[in-house]
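Visitor: Residue numbers (this note's numbering): 10 to 179. Note that the Cβ used here is the ideal one computed from N, Cα and C, for glycine as well. The model shown is predicted, which means the values in this text are computed figures rather than measured ones. Got a structure for you, questions after.
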């Protein structure tokens, strides 16, 4: 498992903040100007950094196929995407080196000014749906219940494909 440098920074900040708070709880030193500055680090600055880095790392993790496949309801789609013999659109795109482990995200994300935020909000809707409903179904029961919420925008395909090829000719 690869741990990013930002995760190590967040872990270090959390340990230092916990150490500062523990020191002040146990030793109870006087709160002079220097003490207040150190407390500000332990109670404010470092925990805020940990929260920000945690959010950044968490959002980045949702872009990987392993995250999409972490719900049992997506098993068959992930299996198909990783099947070397499959000719489905997902499998063909997953084999493309440009996507790496992010083939689900690259095709399903919204583009444009608010695309990132809208994609993440939509994904949270999927997480809610999974936790509140789909988690209790087995794989065979869920097949008919999962569907694409809205048709893909051609703009998503246009991020990689042009319309000048013969495949686009009507």
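#1: In the DSSP assignment, find the unbroken alpha helix (DSSP H) run with residue 86 in it and report its ends.
#2: Cβ atoms of residue 164 and residue 112: under 8 Å apart, would you say?
#3: Going straight from the alpha carbon of residue 81 to that of residue 144, what length do you get?
#4: Cutting at 7 Å between CB atoms, please list the residues of its own chain near residue 22, excluding the five before and the five after it.
#5: Where do the N-terminal and C-terminal ends of the alpha helix (DSSP H) with residue 124 fall, by residue?
#6: Would you mind sorting residue 151 into buried or exposed? The rule is 16 or more other CB atoms within 10 Å of its CB.
#7: Using a threshold of 8 Å, state whether the C-beta atoms of residue 51 and residue 30 are closer than that.
Guide: So, to answer that:
#1: Along the chain shown, read from residue 1 onward, the residue named residue 86 stands at position 77. Segment 84-91, the alpha helix (DSSP H) holding residue 86.
#2: Position 103 of the chain shown, counting from 1, holds the residue named residue 112. Position 155 of the chain shown, counting from 1, holds the residue named residue 164. Remark: C-beta atoms of residue 112 and residue 164 do not approach each other more closely than 8 Å.
#3: Translated into positions along the chain shown, residue 81 becomes position 72. Translated into positions along the chain shown, residue 144 becomes position 135. Answer to the nearest angstrom: the Cα atoms are 8 Å apart.
#4: For the purposes of this step, residue 22 is identified with residue 13 of the chain shown, where counting begins at 1. Correct list, in chain order: 55, 58, 59.
#5: The residue labelled residue 124 in the question sits at position 115 within the chain shown. Per DSSP, residue 124 is one residue of the alpha helix (DSSP H) stretching across 124-141.
#6: By 1-based counting over the chain shown, the position of residue 151 is 142. Here residue 151 is buried: its Cβ has 16 or more other Cβ atoms, across all protein chains shown, within 10 Å.
#7: To locate residue 51, count along the chain shown from 1; it is residue 42. To locate residue 30, count along the chain shown from 1; it is residue 21. Yes. Within cutoff.
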